[in-house]
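Residue numbers (the working numbering), protein chains in the order written: chain A, 387 to 556; chain B, 78 to 217.
Just below is one structure, and these are the notes that go with it.
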Amino acid sequence: MARKPPEPMQDVKQRRDAALRALVGGVPYIQFLGISFDRRGNELTALLPFDQKLIGNPFLPAIHGGVTAAFLEVSAIIELSWSLLWEDIESGAISLENLQAGTLPRLPKTIDFTVDYMRSGLPRDAYARARVTRSGRRYASVQVEAWQDNHDRPFAHGAAHFLMPRRESR
Amino acid sequence: MSERKAQIAKQFIQAIPHAAALRMELTQIGDGKAEICMPYDPQLVGDPKTGVIHGGAVSALMDTCCGAAVMSHPESPAATATIDLRIDYMRPATPNQSIRAQAECHHITRSVAFVRAVALDDDSDNPVAMATGTFTVEGR
Chain A
387 MARKPPEPMQ
397 DVKQRRDAAL
407 RALVGGVPYI
417 QFLGISFDRR
427 GNELTALLPF
437 DQKLIGNPFL
447 PAIHGGVTAA
457 FLEVSAIIEL
467 SWSLLWEDIE
477 SGAISLENLQ
487 AGTLPRLPKT
497 IDFTVDYMRS
507 GLPRDAYARA
517 RVTRSGRRYA
527 SVQVEAWQDN
537 HDRPFAHGAA
547 HFLMPRRESR
Chain B
78 MSERKAQIAK
88 QFIQAIPHAA
98 ALRMELTQIG
108 DGKAEICMPY
118 DPQLVGDPKT
128 GVIHGGAVSA
138 LMDTCCGAAV
148 MSHPESPAAT
158 ATIDLRIDYM
168 RPATPNQSIR
178 AQAECHHITR
188 SVAFVRAVAL
198 DDDSDNPVAM
208 ATGTFTVEGR
């Protein structure tokens, strides 16, 4: 049986990047904080470039704890949504046209979020990576970690539970 | 809490660049309790389909309000930092309504302050979110 030739790399990349843009670009609050995502294959790293308006303690100075929490939460929810979309992006079930028109499935909803502050956020760029530890039909658990200069010295850690969007019955 | 300390707390909140960016306003402070209001802003929306404010913005409001409550406690020497904060999101905040956080520092030791907080919109019988946190007590 003849195997289907692999899709051209640029087509796959175009669809993956369009999906990520649709997911991130459509959320005003992500733009407000200036968060972007770096993608390597299916792996995402969130970037929070430093900005004066993110400061919480002007005397240290340090990044606002609320900004840190928001950054972790954004990273967690995008990672979870991305992992839910991934299969459909790869199979082409979600078309490029649909993605560009911005028609995305509903996003998961946060049930609870816990943040541990390990050290103060310095006035410089921050990065975060999230990991979906459980992805069920109704609930999901996500862990997320943020660091600045040194990945081995994270400044905050988060754990979240999400309510999954209802899938259309098939 | 003394009038002077309340004034310091109010100025401190106003001097926080991120609190200013979210247009937070301290409406009440004293004796380990604080209330901060955050007006609705389309820039803070998390779900463009519904216009609901992002949970992250609610977290920022809760964190600020909890910190203010700790600072206003009579046994607190003013400076504090968050150790941990847990937020339960009970329902989405209604679009176009401001969100009001009320925090209370219900216990304080030499080194740790324990805080609980609630976030409300116009329907104040049904909280939007609740938070529990621990904060450091600095320099004693």
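Just so it is clear, CB atoms sit at the ideal spot from N, CA and C, and this is done for glycine as well.
- Within the same chain, and ignoring the five residues on either side of G507(A) in sequence, the residues whose Cβ sits closer than 6 Å to its Cβ are A448, I449, T454 and F541.
- Within its own chain, the residues whose Cβ lies closer than 8 Å to the Cβ of Y503(A), once the five positions on either side in sequence are excluded, are G451, T454, F541 and A542, listed in chain order.
- Beta-carbon to beta-carbon, F499(A) and I160(B) are separated by about 15 Å, too far to satisfy the 8 Å threshold.
- Note on L446(A): under 16 other CB atoms within 10 angstroms of its CB, so exposed under the neighbour-count rule.
- At a C-beta separation below 8 Å, Y415(A) has these neighbours in chain B: Q120, L121, V122, G123, I130, H131, G133 and A134.
- I475(A) does not reach chain B, its nearest Cβ partner there being about 20 Å away, counting only Cβ pairs nearer than 7 Å.
- Think of a sphere of 7 Å around the beta carbon of P94(B): the chain A residues whose beta carbon falls inside it are Q438, K439, I441 and P444, in chain order.
- Taking 7 Å as the Cβ-Cβ cut-off, the segment 487–505 of chain A approaches chain B at L493, T496, I497, D498, F499, T500, V501, D502 and Y503, given in chain order.
- Among the residues facing chain B, F418(A) is included, as its CB has a counterpart in that chain under 8 Å away.
- Between the segment 405–418 of chain A and the segment 464–473 of chain A there are three or more inter-stretch CB-CB distances shorter than 8 Å, so the stretches are counted as touching.
- 8 Å or more divides the Cβ of V135(B) from the Cβ of I106(B).
- Judged by DSSP in its simplified three-state form, V214(B) adopts coil rather than helix or strand.
- Closest in C-alpha terms to P551(A), from the list D124(B), P116(B) and A178(B), comes D124(B).
- Taking L490(A) as the centre and dropping the five residues before and after it, the same chain places the C-beta of A408 closer than 6 Å to its C-beta, in chain order.
- Annotation: the continuous beta strand (DSSP E) that includes Q179(B) extends over I176 to I185.
- When DSSP states are grouped into helix, strand and coil, L121(B) belongs to the helix group.
- For S153(B), no beta strand (DSSP E) encloses it, and the DSSP letter there is neither H nor E.
- One finds I497, D498 and F499 in chain A with Cβ atoms closer than 9 Å to the Cβ of D165(B), taken in chain order.
- Residue environment: G144(B) is assigned as buried (16 or more neighbouring CB atoms within 10 Å of its CB, all protein chains considered).
- In this model, N484(A) and G427(A) are separated by some 21 Å (Cα to Cα).
- Distance between T127(B) and P172(B), taken at the CA atoms: about 8 Å.
- When DSSP states are grouped into helix, strand and coil, Q105(B) belongs to the strand group.
- A Cβ of chain B is located within less than 8 Å of the beta carbon of A455(A).
- In the three-state reduction of the DSSP assignment, N173(B) falls in the coil class.
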